[in-house]
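Let me begin by presenting the structure, written as structure tokens, before commenting on it.
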Amino acid sequence: MARLSVLIADGNPVIRAGLAAILGAAVDIEVTAQAADGREALSLTRRYAPDVVLLDVRMPGVDGISALPHLVQLAPVLMLTYSREAGIVREALLLGAGGYLVHGEFTTDELLRAVRDAPLGRPHFTPTAASALLTELRASSHPQRDVAQSSERMHNSVVFGLSSREVEIMDLIASGMSNQQIAAACFISEKTVKNHINRIFAKLRSATRSEAIARWLGTARPGVTGHG
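Quick note on numbering: this note's numbering labels position 1 of the sequence shown as 460, and the sequence is numbered without any gaps.
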């Protein structure tokens with residue numbers, strides 16, 4: 460069986476060594492190269508053509524964000540970093556990163572799953588990254604209505620009787636995430652996501668995603684039915 464080749468780009472040699480030890484212990488993964496900055500990562504990616512690049516944000520010389528648009532043309536890139544600012548998460552994803560993991564928020568198994576899923580286009584986000592992305596999405600969409608919509612969502616969560624988990628998932632639905640992306644962001648199965656969505660739709664008296672989003676964001680008023 461062909462092993463998944465991985466390139467690790469991180470400015471900290473201790474982190475590179477730790478990641479290499481974790482990934483190297485998996486029978487289906489091989490660390491083919493390690494880079495200390497973005498320039499070296501790009502050079503080694505061209506040389507070794509890895510299946511996945513693990514990329515830190517802050518590195519000496521050429522940083523991860525600067526190297527990212529060039530790297531994604533050569534291989535799937537998974538951000539693996541301590542940087543958790545909403546703007547950086549958003550920029551990394553806009554530049555083509557296939558997921559965003561913040562150190563300290565994932566287990567070994569979750570890291571291995573994210574690495575294996577990266578070449579398949581299945582995104583993974585740790586909780587801080589998912590929350591940062593959600594905050595950024597809300598802020599960038601109709602900023603003049605942010606306060607009003609935040610109040611509306613809080614009001615609707617009470618009106619519709621959604622649990623805190625259902626509120627979280629409904630916000631992710633409203634941000635445009637698919638069931639697969641929500642499952643990755645919340646570290647739950649797609650089946651569990653579907654179960655939550657079924658309950659949410661029942662509480663919102665909505666038959667479709669767009670109808671549920673309209674009710675949730677306040678563009679449809681509670682008590683006004685759409686398609687039944």
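Think of the CB as a built atom: it goes at the ideal place given N, C-alpha and C, for glycine as much as any other residue.
Given the structure is predicted, the values throughout are model-derived calculations rather than measurements.
What three-state label does DSSP hand isoleucine 647 in the structure shown? In the three-state reduction of the DSSP assignment, isoleucine 647 falls in the coil class.
Just mark asparagine 638 as buried or exposed, buried being the case when its beta carbon has 16 or more other beta carbons within 10 Å. So asparagine 638 counts as buried.
Near alanine 545, what residues of its chain come up, given a Cβ to Cβ distance below 6 Å and the 5 sequence neighbours on each side ignored? In chain order, Ala591, Thr594, Glu595 place their CB closer than 6 Å to the CB of alanine 545, counting only its own chain and leaving out the 5 sequence neighbours on each side.
Can you tell me the Cβ-Cβ gap for alanine 468 and valine 511, rounded? I've got them flagged as a contact below 8 Å. Incorrect: roughly 11 Å between the Cβ atoms, too far for contact.
Could you compute how far the alpha carbon of valine 548 sits from the alpha carbon of alanine 588? Just so you know, the alpha carbons of valine 548 and alanine 588 end up roughly 6 Å apart.
With distance defined between alpha-carbon atoms, name the residue in Glu564, Thr585, Ala556 nearest to proline 578. For the residues Glu564, Thr585, Ala556, the minimum Cα distance to proline 578 belongs to Ala556.
Considering just the uninterrupted stretch of the beta strand (DSSP E) at glycine 483, what are its terminal residues? Glycine 483 -> not in any beta strand (DSSP E); alpha helix (DSSP H) instead, spanning 472–483.
Which of helix, strand or coil does DSSP assign to glutamate 533? According to the sequence shown, residue 533 is leucine rather than glutamate. Secondary structure of leucine 533 (DSSP, three-state): coil.
Per the DSSP calculation, valine 512 is bridged to which residue(s)? The beta-bridge partner set that DSSP reports for valine 512 consists of Leu466, Val536.
Any chance the segment 493–508 sits against the segment 461–481, with 3 or more Cβ pairs inside 8 Å? At 8 Å Cβ cutoff, the stretches touch.
Under 8 Å by Cβ, that's how I've got histidine 583 and leucine 560 pegged, so tell me the actual separation to the nearest angstrom. About 6 Å separates the two Cβ atoms, so the contact holds.
Could you tell me the distance, in whole angstroms, from the CA atom of phenylalanine 646 to the CA atom of leucine 478? Note on geometry: alpha-carbon atoms of phenylalanine 646 and leucine 478 lie some 21 Å from one another.
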